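S.K.:
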Amino acid sequence: MDLNELKQGSYEDLEFAKVDHSREARSGFPEVVFCERKTEDQVAQIMKAIYDRSGLVLGTRANAAQYDAVKAILPDAVFHENANVITAGEPREQIGNVAICTAGTTDIPVAEEAALTAYMCGAEVHRYYDVGVAGIHRLLDQVDDIREANAIVTVAGMEGALASVIGGLVNAPIVACPTSVGYGANFGGLSALLAMLNSCAAGTAVVNIDNGFGAGFMAARINRQTVKGKES
Numbered sequence: 691m692d693l694n695e696l697k698q699g700s701y702e703d704l705e706f707a708k709v710d711h712s713r714e715a716r717s718g719f720p721e722v723v724f725c726e727r728k729t730e731d732q733v734a735q736i737m738k739a740i741y742d743r744s745g746l747v748l749g750t751r752a753n754a755a756q757y758d759a760v761k762a763i764l765p766d767a768v769f770h771e772n773a774n775v776i777t778a779g780e781p782r783e784q785i786g787n788v789a790i791c792t793a794g795t796t797d798i799p800v801a802e803e804a805a806l807t808a809y810m811c812g813a814e815v816h817r818y819y820d821v822g823v824a825g826i827h828r829l830l831d832q833v834d835d836i837r838e839a840n841a842i843v844t845v846a847g848m849e850g851a852l853a854s855v856i857g858g859l860v861n862a863p864i865v866a867c868p869t870s871v872g873y874g875a876n877f878g879g880l881s882a883l884l885a886m887l888n889s890c891a892a893g894t895a896v897v898n899i900d901n902g903f904g905a906g907f908m909a910a911r912i913n914r915q916t917v918k919g920k921e922s
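Note that our numbering gives residue 714 to position 24 of the sequence shown, counting from 1, and the numbers run on in steps of one.
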């Protein structure tokens, strides 16, 4: 897509938002709606505009009131309460293998945001929850299956050690996602973030605290490129 194509009607002006309809052509997936601090009507109108053009839409950091507004005009919308995610429509394909791993049960909401994002982006998703390092045998029981993945998302709070441990056991790229789970010295996820950034396990990249969407999107993109590489 060249600059002239970008200029010619590739976005829809809703006054309060300019919906980017060329996003999928440029990056492979329609614009995703960050719902936090938007009104119910704003979320509903933006998601409908994207859905009408693309046939699927994903909204993150959503609440029940926003979902009700979306559901009123998009009957097939679904609210994934544990992840605070709204989806409408189905992905066009399910390819490859993305593993979503959490250190603990409390990390699951962020992991579910990652899992749903990867799913909507067309990845086949496998979940491995509560496999943290405090009970390393739980991870070791699953590691053979995790090794089959093209990309792995590790979601952990506390000291954030899960990314390093899995990174030493697999050869797939790891997207590490720190969470804000933890006691005072966790500093709202900062300790997990710094631990992941300082990991000695090569092949690990880190997204921001609680950014399940970013982790899931990156894993789906790695997965897609891996599948394409195997097919060529």
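Every residue gets a Cβ at the ideal spot worked out from N, C-alpha and C, and that includes glycine.
None of the values given here were measured: they were computed from a predicted structure.
Determine the DSSP secondary structure at residue 769, reduced to helix, strand or coil.
M.R.: Numbered from its first residue, the sequence shown carries residue 769 at position 79. It is a strand residue.
S.K.: Bridge partners for residue 724 per DSSP, in chain order?
M.R.: The sequence position of residue 724 within the sequence shown is 34, counting from 1. Note: residue 724 sits in a beta bridge opposite 750.
S.K.: Given 8 Å as the limit, is there contact between the stretch 750-765 and the stretch 722-733, that is, 3 or more CB pairs closer than that?
M.R.: A contact exists between the stretch 750-765 and the stretch 722-733.
S.K.: For residue 882, count the other beta carbons within 10 Å of its own beta carbon; 16 or more makes it buried, fewer makes it exposed. Which is it?
M.R.: Locating residue 882 in the sequence shown gives position 192, where the first residue counts as 1. Residue 882 should be labelled buried.
S.K.: According to the neighbour-count rule (16 or more other Cβ atoms, all chains shown, within 10 Å of its Cβ), is residue 914 buried or exposed?
M.R.: Your numbering for residue 914 matches position 224 in the sequence shown. Per the 10 Å Cβ criterion, buried.
S.K.: Since residue 865 and residue 892 should fall inside the 8 Å C-beta cutoff, what is the C-beta to C-beta distance between them, to a whole number of angstroms?
M.R.: On the sequence shown, residue 865 is found 175 positions in, with the first residue counted as 1. On the sequence shown, residue 892 is found 202 positions in, with the first residue counted as 1. With 8 Å as the limit, residue 865 and residue 892 do not qualify as a contact, their Cβ atoms being about 14 Å apart.
S.K.: Does the stretch 806-814 come close enough to the stretch 902-911 to have 3 or more Cβ pairs within less than 8 Å?
M.R.: Taking 8 Å as the limit for Cβ pairs, the verdict is that the stretch 902-911 does touch the stretch 806-814.
S.K.: Going by beta carbon distance, what residues of the same chain come within less than 6 Å of residue 897, once the five residues before and after it are set aside?
M.R.: In the sequence shown, the residue the question calls residue 897 occupies position 207. Excluding residues within five positions, the ones whose Cβ falls inside 6 Å are 867, 904 and 905.
S.K.: Buried or exposed: residue 822, going by 16 or more other Cβ atoms within 10 Å of its Cβ?
M.R.: In the sequence shown, counting from the first residue as 1, residue 822 sits at position 132. Per the 10 Å Cβ criterion, buried.
S.K.: In terms of residue numbering, what span does the beta strand (DSSP E) encompassing residue 837 cover?
M.R.: Looking up residue 837 in the sequence shown gives position 147. It is not in any beta strand (DSSP E) - residue 837 carries neither H nor E in the DSSP assignment.
S.K.: What is the DSSP secondary structure of residue 846, reduced to helix, strand or coil?
M.R.: Taking the sequence shown and counting its residues from 1, the one referred to as residue 846 is at position 156. Residue 846: strand per DSSP, three-state reduction.
S.K.: Report the rounded CA-to-CA distance for residue 737 versus residue 701, giving the unit in angstroms.
M.R.: For the purposes of this step, residue 737 is identified with residue 47 of the sequence shown, where counting begins at 1. For the purposes of this step, residue 701 is identified with residue 11 of the sequence shown, where counting begins at 1. When rounded, the distance between both Cα atoms is 14 Å.
S.K.: Which residue marks the beginning of the alpha helix (DSSP H) containing residue 916, and which one marks its end?
M.R.: Residue mapping note: residue 916 aligns to position 226 of the sequence shown, counting from 1. Residue 916 -> alpha helix (DSSP H) spans 902-921.
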